[in-house]
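Participant: Numbering (my numbering), first residue to last: 971 to 1164. A single structure is presented below for examination.
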Ligand code: HEM
């Protein structure tokens, strides 16, 4: 169930918000359309040209920053733990506010603005880990993102790729290119092959 539910609504929401933002920014809309035309050169869409959709990638990154489809994540503490000076007793459900994280001005100047130009390679490299995580992080990180990232490498690219209209993948969920390895879960049904 996680696959169809987690994969469809998130992708649909991400695309709808991207379309909403493009509707507010006609210049970006024109550029993304021009890039698609140029890269596809009249051919049917193919995974191979995804690494060249660099402007599209910025649009999706910014859309997923401003409107992360999973705007919060939860984890249950397996044991008593201190986080940032807060005592979290075993069994507590901790809610991570991705919406707030992605709009934190310490990491994103002018945080509420749709600013594609912020997504330079230097900016991505300089972002502290765990400040951009629309696909989650750790062993339960989005499996769809991992697939897409694999496609980027297979296509010869070595940077985050966005699949407009299908699915998105990014290494920016923890900036600096950190890919948490798939891990065996201690309980429950593993969603990943070992
Ligand atoms: C924009 C699109 C997507 C977004 C924003 C997104 C977001 C996320 C997030 C935040 C998580 C982690 C949840 C957590 O840590 O509690 C997750 C997990 C997951 N996602 Fe996605 N997702 C997207 C697309 C997809 C697609 C296309 C698929 C299917 C191919 C997919 C399948 C999954 C699965 C199976 C998990 C659970 C992984 C596990 O528990 O090991 N997602 N997703």
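Beta carbons: idealized from backbone N, C-alpha and C, even for Gly.
If residue 978 sits next to residue 1036, beta carbons under 8 Å apart, how far is it from one beta carbon to the other, in whole angstroms?
Facilitator: With a Cβ gap of about 21 Å, residue 978 and residue 1036 do not count as contacting.
Participant: Using the three-state DSSP reduction, which class does residue 1064 fall into: helix, strand or coil?
Facilitator: strand
Participant: Sorted by chain position, which residues of the same chain lie with C-beta nearer than 7 Å to residue 1041's C-beta, five sequence neighbours on each side aside?
Facilitator: 1068, 1069
Participant: So what does residue 1110 bridge to, in DSSP terms?
Facilitator: None, per the DSSP bridge assignment.
Participant: Indicate, with yes or no, if ligand 1 has a heavy atom lying under 7 Å from the CB of residue 1043.
Facilitator: yes
Participant: How many whole angstroms separate the CB atoms of residue 1058 and residue 1025, which I take to be in contact at a CB cut-off of 8 Å?
Facilitator: Wrong, their Cβ atoms sit about 42 Å apart, outside the cutoff.
Participant: Just the Cα atoms here: how many angstroms apart are residue 1010 and residue 1019?
Facilitator: 7 Å
Participant: Evaluate residue 1122 with the Cβ neighbour count: other Cβ atoms within 10 Å of its Cβ, from every protein chain shown; 16 or more gives buried, anything less gives exposed.
Facilitator: Low local confidence applies: a pLDDT of 38 at residue 1122 is under 50, so the model's placement there is unreliable, with the coordinate-based value given in what follows. By the 10 Å Cβ count, residue 1122 comes out buried.
Participant: Measuring alpha carbon to alpha carbon, tell me which residue in 1034, 1039, 1064 is nearest residue 1051.
Facilitator: 1064
Participant: Going by the CB atoms, is the gap between residue 991 and residue 1033 shorter than 8 Å?
Facilitator: yes
Participant: Quick check: is any heavy atom of ligand 1 less than 7 Å from the C-beta of residue 1093?
Facilitator: No; taking the cut-off as 7 Å, the Cβ of residue 1093 has no heavy atom of ligand 1 nearer than that.
Participant: How many whole angstroms separate the CB atoms of residue 1082 and residue 1039, which I take to be in contact at a CB cut-off of 8 Å?
Facilitator: Actually they do not touch by this definition, with Cβ atoms about 18 Å apart.
Participant: Within 10 Å of its beta-carbon, does residue 1128 have 16 or more other beta-carbons around it, so buried, or fewer, so exposed?
Facilitator: The pLDDT assigned to residue 1128 is 34, lower than 50, so where the model puts this residue is not dependable; a value taken from the coordinates is nonetheless given after this. The residue is exposed, with fewer than 16 neighbouring Cβ atoms inside 10 Å.
Participant: Assign residue 1060 to one of two classes, buried (16 or more other C-beta atoms within 10 Å of its C-beta) or exposed (fewer than that).
Facilitator: exposed
Participant: Does any heavy atom of ligand 1 sit closer than 7 Å to the C-beta of residue 1101?
Facilitator: no
Participant: Excluding the five sequence neighbours on either side, which residues of its own chain have a C-beta within less than 6 Å of the C-beta of residue 1062, listed in chain order?
Facilitator: 1047
Participant: If you drop the 5 nearest sequence neighbours on each side, which residues of the same chain put their C-beta closer than 6 Å to that of residue 987?
Facilitator: 1033, 1037
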